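Data first, discussion second: the structure below is written as structure tokens.
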Amino acid sequence: MEIITAVKGFKDILPPETDKWRHIEATAHEVFCAFGFREIRIPLLEKTELFCRGIGESTDIVEKEMYTFLDRGEESLTLRPEATASIIRAYLEHTLHAAETVTKLYTIGPMFRRERPQKGRYRQFHQIDTEILGPDDPRTDAELILMLLHFLNKLGLRKLNLEINSLGCAACRPAFREAILSYLRGREEELCGDCLRRLETNPLRVFDCKVETCAAIISQAPLLPDFLCAGCRDHFEKVQASLRLFNLPFHLNAKMVRGLDYYTRTTFEVTTEFLGAQNAVVGGGRYDHLVRDLGGPDISGIGFAIGVERLAAMIPKADADALLQGPLLFIATLGEAALEKAFFLCNGLRMKGIRVEMDHAGRSLKSQMKRADKLKSAYTLILGEREIAENKALLRNMLSSTQTEVGLDRLEETITELAR
RNA sequence: GUGGGUGUAGCUCAGUUGGUUAGAGUGCCGGGUUGUGGCCCCGGAGGCCGAGGGUUCAAAUCCCUUCACUCACCCCA
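Quick note on numbering: my numbering labels position 170 of the first sequence as 170, and the sequence is numbered without any gaps.
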């Protein structure tokens, strides 16, 4: 009979990969907590309308990538393609804005987008998502970015590239949009098919095009920063000043635009050369109107999303290997009486929180020793017929290859001390 | 949605003028004298060569179809 396989683009995460994931998550909890964030857990399923209104009807995500279905033929539901809209929904639904002026939240979990899978891109993927809801103080932007880079550094990631830009606000972006449109309109024959389409849907995205002829045109195009209003320019300069205060190196990238409609003012990405085409590990930015557009008060927000699969792929191998820890003790036995004794001891120690392994198959001492070595056990306890008869056991230090005798009545106590 | 690449042992891969029982490394199991790991040596298990069809005396190898995986475009984390 044929086995049933996982759905395309949906991956199992197996050990030892899961060790890496737990390390990433534990580090996130620790770092975010220090910066005053609290964890929020939100549903995987939301009403479709939430994402249409939140992310934007004309975005690729909403237009063609969402897992949307009718629940019992009645209500349109969608597996969340991102976390921000859900967090804002919960924030409003539970009136968190009334409880405090600044709310810092984060969540970790799977997102779903029906794209063609490739390296660093899956249909179910995972994000670590943070949001700060409250006043649009530029120090908040800098603080969030600072926390992000601290987190990435703590995971041992190197050669990261932080790019920032300001997309302006409702007052200044339309002017830029007009400028770029009129610039491109005269050069339509030189643009690629995709860019011609972008001209209609989202002209700013032409900046992202990798086609050479388009890039050439874009290099001469008007740039967003030149169109920022006084308020946006001032805000962006203060963000940069704060980043410099912490000696945080960053690249100003006037051509970085982002694919979600809600971003305003500060946007940023962290990229790396290690990931092939999907080089963005983190993306984020400020959104001035999302809370209001979802029916809430006029509160600004800023957040970022980290791709966990991409992050895990970047963790240096040496760091990942260091996560592999062996048991404290392996118990090797010979004979039924020893096996029974070991079985009792082994599980007793485990219940004290000590990692102990043993073999139940009654194999040769040699193969049990091999197993202990393979597992990277710090110690091996040898318990044979001879030892049982003499009421003792041999405790072998696997690193120094030395062994001592321990009386059976003092065994548990001795091992417990080793664990300290 | 569009294009390229790849499917042979658990894993990484060899294997074309089509020709016996399909190989290596690694991992797994066992052994190298009677109860001691790493190095070394020996042995063993494990594959309808992705699936289906065709050509041929003969197909892992040639042809067609299909499926899966993968990389890239699009877009994004």
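The beta-carbon is built from N, C-alpha and C at its ideal position, and this holds for glycine as well. A quick note: this is a predicted structure, and the numbers were derived from the prediction, not measured.
- In the structure shown, Val281 adopts extended strand secondary structure according to DSSP, grouped into three states.
- Residue environment analysis places Thr404 among the exposed positions, since fewer than 16 neighbouring C-beta atoms fall within 10 angstroms of its C-beta.
- Beyond the five residues adjoining it in sequence on each side, Ala175 comes within less than 6 Å, by CB distance, of Phe227 in the same chain, given in chain order.
- For the pair of segments examined, the stretch 90 to 106 was found to touch the stretch 122 to 140: the number of CB pairs separated by less than 8 Å reaches three.
- Secondary structure at Lys104: strand, using DSSP grouped into helix, strand and coil.
- In this structure Cys169 touches Thr264 by the C-beta definition: roughly 5 Å separates them, less than 8 Å.
- Put simply, the backbone Cα of Arg158 is about 36 Å away from that of Ser58.
- In the three-state DSSP reduction, Arg187 falls in the coil class, being neither helix nor strand.
- The DSSP-derived three-state label of Gln240 is helix.
- Relative to Asp293, the option among Leu50, Arg310, Glu190 and Gly348 whose CA is nearest is Leu50.
- Rounded to whole angstroms, the gap between the alpha carbons of Glu269 and Cys229 is 23 Å.
- DSSP places Phe304 in no alpha helix (DSSP H) but in the uninterrupted beta strand (DSSP E) bounded by Ser300 to Gly307.
- A straight line joining the alpha-carbon of Arg205 with that of Phe32 spans about 32 Å.
- The alpha-carbon of Glu413 is positioned some 15 Å away from that of Lys341.
- The beta carbons of Phe304 and Leu148 sit closer together than 8 Å.
- Beta-bridge pairing by DSSP links Gly134 to Ser300.
- Thr402 has Asn397 as its beta-bridge partners, per DSSP.
- According to the DSSP assignment, Leu329 belongs to the beta strand (DSSP E) that extends over Leu329 to Thr333.
- Our two residues, Leu349 and Arg355, have alpha carbons roughly 8 Å apart in a direct line.
- Excluding five sequence positions before and after Arg38, the CB atoms of its chain that fall closer than 8 Å to its own CB belong to Lys104, Leu105 and Tyr106, given in chain order.
- The Cβ-Cβ distance between Leu223 and Pro203 does not fall below 8 Å.
- In this structure His289 touches Tyr262 by the C-beta definition: roughly 7 Å separates them, less than 8 Å.
- If you look at Asn391, you'll find it isn't in any beta strand (DSSP E); DSSP assigns it neither H nor E.
- Collapsing the DSSP output to three states places Asp261 in coil.
- Judged by beta-carbon spacing, Leu375 lies within the 8 Å limit of Glu357, meaning their Cβ atoms are closer than that value.
- Within the DSSP bridge table, the entry for Pro110 names His126 as partners.
- The Cβ atoms of Arg116 and Phe10 do not sit closer than 8 Å to each other.
- Sequence-distant Cβ neighbours of Phe246 in its own chain, meaning closer than 8 Å and more than five residues away, are Ala142 and Leu146.
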